[in-house]
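In order, the protein sequences belong to chains H and X. Each residue of the first sequence is one higher than the last, beginning at 0 in numbering that gives the first Met the number 0. Each residue of the second sequence is one higher than the last, beginning at 0 in numbering that gives the first Met the number 0. I have placed the structure first, in the form of structure tokens, so that the comments after it can refer back to it.
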Amino acid sequence: MIDLMRYTAWLAVLMLLQIILLDQMALLGLISPYIYVFALVILPVGLPAWLYMTIAFGYGLTYDAFTANWGYHALACTLLAYIRPAWVRWFLLKSRYDDPGSIRLNSLGWARFLTYASPLIGVHQFSLYFLESLSFTEIHWILLRSLAGVFIVLLCSLGLYATLYGSATRQNN
Amino acid sequence: MWSILNYLYRIRLHILFVLYLIIALWMLLDTNPYHQSRWRSAIVEIQGNTLNRLNTWRSYWGLREANEELIEQLAIARTRLYQEQFIDSTASGKLPQIKSFDSLFTGSNSNNKLDTLQTQASTKRESDTNTTLIPKASDASSEYKFIAARVVGNSTIHRHNYMILNRGATDGVKPRMGVTGPKGAIGIVDQVSDHFCSIITLIHSKARLSAGLAKKDAVGTLFWEGGMINRATLIDIPMHVPVKKGDTVYTSAYSLTFPPGVPVGRVHTHRIPDGESVYRIGVELFTDFRSVQYVHLIDYKKREERLRLEDKIANDD
């Protein structure tokens, strides 16, 4: 129950943050920090795949509703949700992680969490930038923007995560 | 049924993904002008490419239809050209020239065409001054008519070689009609059904054709002795006629099946057998009987009339 509330809170907070604050920013006029996707990445891996995909689709669609660009983020989030189960299976196998119920930064450690999260965010960013330009001739440019996007999303969201949980941990101590 | 449902249940995640993808794409294309235009241009591109490829295929498969159309047109052109030449030659007081008919065939050389054109020009001048000499076009057109046909069956390896054409009694085909191909004479109609007819080709052991040499008033009989399918024998050309290798052999004016001057082949060998006064000429046939695909049937309209007359003469004798 607590988990449900926590993840719902993550989804809501990041979405609000995205709409209210980050949508006003466009770094170098090219890269928008789409950090809302981080909430999808940290959702428990134990969720049924169909439920996860539906949540992702609805979450993307919610953001689309605020930007009046229907279908754009819904598609990118659905793609992320589609590949995540396979990626998680592969990742758990490789990293010999013994708690497959949930992937958490605290238990995984920074390096392994980054390894897990970067490709997922990368797919999301790439599909967004690709949908934006719809051109294969600019593929190198799209890739560059996606990489920069991954970096910024991870930087912002992990900063937030560390701030929240770091302070929580300190309070617990 | 159960296994299908089971299968669908197993791939439910993929189905869901495709469903969401379609919804998202639909929304994207429905609301975003840029994506709409990109999508439309992509569709046009795909359409164009597909149609282009289809057209290439269609034109390849349509070659038969194109050929049939061309051969029909050629039949009309041959009929008309023969008709004109008939008028010209009659107007100039001559019988239709053997060589002039050659210009209707692809094997003709440009000199012949030039001759024909000159004859036509001079006749036109004459016709201006004396129109009564020219027979009515209907007279000439009633002489020979060409019917285009496609070869649907062909044998070349027997002693009795036949061809089957896709024209029959309903198209106006009658027994004993002559058949020519793009390069020259092919054979004579034998059996006729409603929609098909069989041809005794020149490489049939019983085929006989009245043939002669260009510009020489000598007529003989051409037949096939068997063996090579591009060789026939011409006999009964008198020994006083100068014959040399390479001379062209044409159908004669005595033929009841062919118009005079249809090319048949060229002289390959010639000799006068001991104790005889006529040549035995080896003729290299123009037509490659293995590769013929389209032919023209020649309807000689005055054949019956001529036959009746010949019968009458024979009976009188």
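We treat Cβ as the ideally placed atom computed from N, Cα and C, and that holds for glycine. Remember, it's a predicted structure, so these values are computed and weren't measured experimentally.
**Separation of F195(X) from G219(X), as counted between CA atoms** = Your numbering for residue 219(X) matches position 220 in the second sequence. Your numbering for residue 195(X) matches position 196 in the second sequence. Computed Cα separation, rounded: 31 Å.
**Asked** To the nearest angstrom, how far is it from the Cα of Y6(X) to the Cα of L62(X)?
**Response** Mapped onto the second sequence, residue 6(X) falls at position 7. Mapped onto the second sequence, residue 62(X) falls at position 63. Going from the Cα of Y6(X) to the Cα of L62(X) covers about 47 Å.
**Item:** Continuous alpha helix (DSSP H) stretch holding Q124(H): start and end
**Value:** One-based indexing of the first sequence puts residue 124(H) at position 125. Its alpha helix (DSSP H) spans residues W109 to S132.
**Prompt:** chain H beta carbons: is any one of them nearer than 8 Å to that of Y6(X)?
**Reply:** As a first step, residue 6(X) must be located in the second sequence, where it is residue number 7. No, Y6(X) does not count as interfacial toward chain H.
**Start and end residues, alpha helix (DSSP H) containing D315(X)** = Stepping through the second sequence from its first residue, residue 315(X) is reached at position 316. Here the alpha helix (DSSP H) through D315(X) covers R302 to D315.
**Prompt:** Pick from Y19(X), Y278(X) and S254(X): whose alpha carbon is nearest that of I54(H)?
**Reply:** By one-based count along the first sequence, residue 54(H) stands at place 55. By alpha-carbon distance to I54(H), the top candidate from Y19(X), Y278(X) and S254(X) is Y19(X).
**Item:** Classification of S290(X) by the beta-carbon crowding that lies within 10 angstroms, buried from 16 upward
**Value:** To locate residue 290(X), count along the second sequence from 1; it is residue 291. Of the other Cβ atoms in all chains shown, fewer than 16 fall within 10 Å of the Cβ of S290(X); this residue is therefore exposed.
**Item:** Where L12(X) sits in the DSSP three-state scheme
**Value:** In the second sequence, counting from the first residue as 1, residue 12(X) sits at position 13. Reduced to three states, the DSSP call for L12(X) is helix.
**Message:** If you reduce the DSSP assignment to three classes, tell me which class G186(X) lands in.
**Reply:** The residue you call residue 186(X) lines up with position 187 of the second sequence. G186(X): strand per DSSP, three-state reduction.
**Item:** A147(X) versus V294(X) - alpha carbon distance
**Value:** Position 148 of the second sequence, counting from 1, holds the residue named residue 147(X). Position 295 of the second sequence, counting from 1, holds the residue named residue 294(X). Approximately 6 Å between the Cα atoms of the pair.
**Request:** Flag N48(X) as yes if its beta-carbon sits less than 8 Å from any beta-carbon of chain H, otherwise no.
**Result:** As a first step, residue 48(X) is located in the second sequence; it is residue number 49 there, counting from the start. It does not; no Cβ of chain H falls within 8 Å.
**Asked** Which residues, in order along the segment 22-47 of chain X, keep a beta-carbon less than 9 Å from a beta-carbon of chain H?
**Response** Those residues of the segment 22-47 of chain X that come within reach of chain H (Cβ to Cβ, closer than 9 Å) are I22, A23, L24, W25, M26, L27, L28, D29, T30, N31, Y33, H34, R37, W38 and A41.
**Request:** Note down, in chain order, every chain X residue with its Cβ under 7 Å from the Cβ of Y71(H).
**Result:** Start at 1 with the first residue of the first sequence, and residue 71(H) comes out as number 72. Within 7 Å Cβ-Cβ: L27.
**Asked** Any idea what DSSP makes of K215(X), helix, strand or coil?
**Response** Taking the first residue of the second sequence as 1, we reach residue 215(X) at position 216. It is coil, neither helix nor strand.
**Asked** Cβ of P84(H) within 8 Å of Cβ of A48(H)?
**Response** Reading the first sequence from its first residue, position 85 is the one you call residue 84(H). Reading the first sequence from its first residue, position 49 is the one you call residue 48(H). Contact flag set, yes.
**Prompt:** The alpha helix (DSSP H) with M52(H) in it runs from where to where?
**Reply:** Translated into positions along the first sequence, residue 52(H) becomes position 53. Boundaries of the alpha helix (DSSP H) around M52(H): A48 to T66.
**Request:** Could you check which residue in Q190(X), I185(X) and G274(X) has the C-alpha nearest to that of G167(X)?
**Result:** In the second sequence, counting from the first residue as 1, residue 167(X) sits at position 168. The shortest C-alpha separation from G167(X) is found at Q190(X).
**Residues within the segment 7-23 of chain H neighbouring chain X, beta-carbon criterion of under 7 Å** = Along the segment 7-23 of chain H, none of the residues has a CB nearer than 7 Å to a CB of chain X.
**Prompt:** So, is S251(X) buried or exposed, given that buried needs 16 or more other C-beta atoms within 10 angstroms?
**Reply:** Counting from one through the second sequence, the residue named residue 251(X) turns up at place 252. With 16 or more other Cβ atoms within 10 Å, it is buried.
**Prompt:** Which same chain residues, not among the five before or five after K300(X), have their C-beta less than 8 Å away from its C-beta?
**Reply:** For the purposes of this step, residue 300(X) is taken as residue 301 along the second sequence, with counting starting at 1. Here the set comprises S141, E142, Y143 and K144.
**Request:** Name, in chain order, the residues that DSSP records as bridge partners for L20(H).
**Result:** Here residue 20(H) is taken as the residue at index 21 of the first sequence, counted from 1. Under DSSP, L20(H) forms no beta bridge with any residue.
**Request:** Could you check the C-alpha separation between K173(X) and L50(X) for me, to the nearest Å?
**Result:** For the purposes of this step, residue 173(X) is taken as the residue at position 174 of the second sequence. For the purposes of this step, residue 50(X) is taken as the residue at position 51 of the second sequence. Each residue's Cα considered, the two are about 44 Å apart.
**Message:** Measuring only the C-alpha atoms, how far is A231(X) from T55(X)?
**Reply:** What you label residue 231(X) is simply residue 232 of the second sequence in a count that begins at 1. What you label residue 55(X) is simply residue 56 of the second sequence in a count that begins at 1. The alpha-carbon atoms of A231(X) and T55(X) are separated by roughly 42 Å.
**Request:** Quickly, what does DSSP pair T200(X) with across the bridge? List them, please.
**Result:** If you number the second sequence from 1, residue 200(X) lands on position 201. T200(X) is bridged to G186(X).
**Asked** So I141(H) and S132(H) are in contact, right, with Cβ under 8 Å, and what is the actual spacing, rounded?
**Response** As a first step, residue 141(H) is located in the first sequence; it is residue number 142 there, counting from the start. As a first step, residue 132(H) is located in the first sequence; it is residue number 133 there, counting from the start. Approximately 6 Å separates the beta-carbon atoms of I141(H) and S132(H); this is inside 8 Å, confirming the contact.
**Request:** Inspect the CB distances between the segment 263-278 of chain X and the segment 306-313 of chain X and report whether three or more fall short of 8 Å.
**Result:** no
**Prompt:** Are P258(X) and Y59(X) touching if we call contact CB-CB under 8 Å?
**Reply:** For the purposes of this step, residue 258(X) is taken as the residue at position 259 of the second sequence. For the purposes of this step, residue 59(X) is taken as the residue at position 60 of the second sequence. Cβ atoms of P258(X) and Y59(X): not closer than 8 Å.
**Message:** Determine whether the beta carbon atoms of V152(H) and I34(H) lie at a separation below 8 Å.
**Reply:** If you number the first sequence from 1, residue 152(H) lands on position 153. If you number the first sequence from 1, residue 34(H) lands on position 35. The criterion of a C-beta distance shorter than 8 Å is satisfied by V152(H) and I34(H).
**Own chain, CB closer than 6 Å to Y51(H), minus 5 neighbours either side, in chain order** = Along the first sequence, one-based indexing puts residue 51(H) at 52. Closer than 6 Å at Cβ, skipping near neighbours: A80.
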